[in-house]
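Participant:
Rendered as structure tokens:
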């Protein structure tokens with residue numbers, strides 16, 4: 014039973030609390046009612062925040078948060094955006110749980126989802142069943158957009174088909190390599206990369222000497238590299254992500270495998286150069302779109318990212334997460350926070366002006382990015398091939414040196 | 070069939086792997102021998118050893134003592150000390166209080182501790198999510214012997230690994246503490262009645278086992294040139310499997326098991342078509358066969374019914 018006095022007299026703490034509230038309201042002044050009027054809309058971000066590919070996931074998350082922060086600071090935006098950041102650990106089962114959590118929350122209108130292909134492909138049905146628009150920001154497996162006609166799924170980055178076409182043509186026709194030993198992780202990502210790369214290398218006139226699948230996050234590649242070494246390939250190609258790519262390259266050097274090392278977009282990260290150290294020199298990698306600093310709005314993005322003082326770098330796919338968040342927010346601003354309407358709007362995106370250049374989705378919600386950039390690791394940094402000393406002839410790729418021996 | 074030199078190279082690769090597995094496996098077997106517990110955070114203790122060594126090396130580098138044998142020796146000593154003490158703390162927190170509970174409780178507690186250690190490195194180590202480059206402090210370069218590429222650093226890693234194993238053998242068989250460990254492993258109550266301090270003996274066992282994991286962690290960093298916070302997951306499972314193959318409770322069995330597991334992984338990747346995809350399947354299938362047909366392992370004396 015409550016004491017009658019306790020309800021009629023204010024305690025000192027209550028008076029202080031009330032005073033503080035009045036003070037805050039006075040300090041905010043006329044801005045406070047404007048903030049209060051804005052309806053809150055929730056957006057989800059899903060990516061690998063822990064595990065081997067966490068550096069890419071954290072870069073994507075930061076870029077997504079940057080886009081949301083900028084929009085919340087914009088007085089013209091109609092809504093106040095809240096975020097729900099979820100970790101998929103680059104694992105399909107965890108990703109489905111995260112997708113279920115986000116899509117079953119009616120407040121979440123749309124999501125910017127997945128860096129890893131294995132997680133993106135595993136969750137398309139979940140988003141479709143829940144009717145939640147999900148824009149993929151990093152995964153490159155073609156089936157993510159092309160294996161269905163779900164209106165909810167769109168992808169702002171390109172697929173691995175173009176990437177491997179360019180990579181194979183460049184290695185065979187431009188650099189003159191003829192023989193390849195393939196190592197790939199046994200996820201959908203690695204397998205599909207190996208399939209497309211094989212197809213395009215053979216079309217270009219090259220020869221695949223061996224293909225070996227390895228477990229994701231495998232530590233030791235000595236057995237596979239020794240086996241590949243026996244075939245004397247001109248190129249060791251790896252289809253997988255950064256941590257494993259580092260191991261393959263470092264162990265390749267330690268075993269004395271004299272071949273060029275070529276990877277996919279999965280190894281194009283700052284972490285690759287930092288961890289592999291001198292071993293990274295001369296590695297080739299291919300990524301959709303132009304380098305961030307050369308993107309139409311790349312400088313603006315990099316400046317804003319630096320100003321936000323995130324702990325982690327944005328990595329190769331950060332700009333895509335940033336653009337995906339902006340496209341989703343633009344759609345919500347245009348049609349309101351309604352999942353079905355936002356999905357319709359996103360799927361019809363044509364010629365959107367973004368920091369990665371114009372974005373246009375085809376019938377499957379796939380951004381039709383035709384540009385693939387070729388990179389080479391030079392002095393601990395990824396340098397666009399055309400700007401590198403390897404292209405100018407000042408330096409020679411390791412694989413070309415070995416070829417002459 | 071691949072040419073002989075490739076087979077020899079694969080055998081050498083297997084030996085390198087096996088030495089590191091053996092060092093982890095010895096820890097598992099010591100803990101099981103003395104306390105009948107499977108200490109499932111031991112894999113993450115191995116990872117912690119590598120990161121402790123890396124931090125010490127970074128500190129020494131900042132203090133101008135980077136490079137060379139002195140820095141490496143200091144890193145080994147500090148890493149063994151730090152990791153050994155963490156191992157003792159792990160025993161006091163997760164094993165001792167649950168001594169009278171079901172073995173499942175200890176298993177769950179140590180598994181959870183492993184997760185805590187792993188996630189702590191991820192969160193608190195600067196940019197802990199990324200793999201970290203490990204300084205190459207062992208002599209680089211090498212030579213070819215019968216078509217086998219042998220690096221000087223490989224020889225140094227083998228030497229350090231075998232020295233660590235010999236040191237453990239000497240501690241267990243030639244010291245008073247070793248005698249106490251053996252006595253407790255045989256019969257804890259009788260050992261106590263004969264004046265053996267049980268708590269101190271258990272602490273020493275966990276210090277030695279965890280210190281060996283630190284050596285394995287540092288050797289792994291030196292061999293692969295990088296360390297990653299998830300390295301303890303497979304390291305722990307393989308270390309435990311190696312101890313089980315060799316015979317839980319038998320130190321020599323753990324060494325044999327570690328070497329065998331390394332050989333199994335490399336030879337299956339080398340000799341079986343598409344073997345690289347199935348190397349772990351083959352290696353763990355052998356573990357299962359051992360558990361079914363010879364549960365006491367190759368050199369084991371104790372039953373593994375509690376596993």
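Residue numbers (our numbering), protein chains in the order written: chain A, 14 to 418; chain B, 70 to 376. A virtual CB, placed ideally from N, CA and C, is assigned to each residue, including glycine. Computed from a prediction, not measured in an experiment: that's the story for all the values here.
1. By the three-class DSSP mapping on this structure, what secondary structure does residue 197 of chain A have?
2. Just checking: is the beta-carbon of residue 45 of chain A within a distance shorter than 7 Å of some beta-carbon in chain B?
3. Excluding sequence positions up to five away, which residues of its chain have a Cβ less than 7 Å from the Cβ of residue 20 of chain B?
4. Assuming residue 315 of chain A contacts residue 305 of chain A (C-beta within less than 8 Å), just tell me the rounded distance between them.
5. From which residue to which residue does the alpha helix (DSSP H) around residue 323 of chain A run?
6. Mind reading off the beta-carbon distance from residue 288 of chain A to residue 259 of chain A? Whole number of angstroms is fine, and I expect it under 8 Å.
7. By the DSSP assignment, the beta strand (DSSP E) with residue 248 of chain A in it spans what residues?
8. Run down chain A in chain order and give the residues with a C-beta less than 7 Å from the C-beta of residue 300 of chain B.
9. If the cut-off is 8 Å on Cβ atoms, which residues from the segment 267-280 of chain A count as contacting chain B, listed in chain order?
10. Using the three-state DSSP reduction, which class does residue 339 of chain A fall into: helix, strand or coil?
11. Candidates A/111, A/120, A/418, A/214: which alpha carbon is nearest residue 137 of chain A's?
12. Under the three-state reduction of DSSP, which class applies to residue 364 of chain A: helix, strand or coil?
13. I think residue 116 of chain B touches residue 247 of chain B, with their Cβ atoms under 8 Å apart; what is that distance to the nearest whole Å?
14. Along chain A, which residues have their Cβ under 9 Å away from the Cβ of residue 349 of chain B?
15. Residue 287 of chain A touches chain D at which residues, Cβ-Cβ below 8 Å?
16. Determine, using beta carbons only, whether residue 297 of chain B comes closer than 7 Å to chain A.
17. Mind the definition here: the segment 340-358 of chain B touches the segment 114-131 of chain B only if three or more C-beta pairs lie below 8 Å; say whether that holds.
18. Is residue 289 of chain A helix, strand or coil by DSSP?
19. Return the bridge partner residues of residue 371 of chain A from the DSSP annotation.
20. Mapping DSSP to helix, strand and coil, what is residue 302 of chain B?
21. Establish whether the CB of residue 381 of chain A and some CB of chain B are separated by less than 7 Å.
22. Counting only the same chain and skipping the five closest in sequence on each side, list residues whose C-beta sits under 6 Å from that of residue 53 of chain A.
23. Please work out which residues of its chain come closer than 6 Å, Cβ to Cβ, to residue 337 of chain B, disregarding the five sequence neighbours upstream and downstream, and give them in chain order.
24. Indicate the three-state DSSP secondary structure (helix, strand or coil) for residue 317 of chain B in the structure shown.
25. Could you compute how far the alpha carbon of residue 211 of chain B sits from the alpha carbon of residue 167 of chain B?
26. How many whole angstroms separate the CB atoms of residue 301 of chain A and residue 176 of chain A, which I take to be in contact at a CB cut-off of 8 Å?
27. For residue 199 of chain B, which three-state DSSP category applies?
28. Closer than 7 Å, Cβ to any Cβ of chain A: which residues of the segment 181-200 of chain B, in chain order?
29. Taking only heavy atoms of the ligand NAD into account, decide whether any of them is closer than 6 Å to the Cβ of residue 74 of chain A.
30. Within the chosen definition, does the segment 318-332 of chain A reach the segment 65-78 of chain A through at least 3 CB pairs nearer than 8 Å?
31. Please list the segments of the alpha helix (DSSP H) lying wholly inside the segment 103-152 of chain B, counting only runs of 4 or more residues, in order along the chain.
32. Cα-Cα, which of A/403, A/382, A/283 is closest to residue 179 of chain A?
33. According to the Cβ coordinates, are residue 105 of chain A and residue 139 of chain A closer than 7 Å?
34. How is residue 183 of chain B classed by DSSP in three states: helix, strand or coil?
35. In three-state DSSP terms, what is residue 160 of chain A?
36. I'd like the list of long-range same chain contacts for residue 204 of chain B, defined as Cβ closer than 6 Å, with 5 residues on each side in sequence excluded.
Facilitator: Put simply:
1. strand
2. Residue placement at residue 45 of chain A is flagged as unreliable, the pLDDT there being 44, under the threshold of 50; a coordinate-derived value is accordingly withheld.
3. The requested residue 20 of chain B does not occur in the structure, where chain B is confined to residues 70 to 376.
4. 6 Å
5. From DSSP, residue 323 of chain A is part of no alpha helix (DSSP H); its letter is neither H nor E.
6. 5 Å
7. 248-252
8. 232
9. 267, 268, 269
10. helix
11. A/111
12. coil
13. Going by Cβ atoms, the distance from residue 116 of chain B to residue 247 of chain B rounds to 27 Å, so no, they are not a contact pair.
14. 228, 231
15. Among the chains of the structure shown, chain D does not appear; the protein chains present are A and B.
16. yes
17. no
18. helix
19. A/366
20. helix
21. no
22. 93, 95
23. 344, 348, 351
24. coil
25. 50 Å
26. 6 Å
27. coil
28. 191, 196, 198, 199, 200
29. With respect to the ligand NAD, the structure offers nothing, as it holds no ligand at all.
30. yes
31. 111-131
32. A/382
33. no
34. helix
35. coil
36. 126
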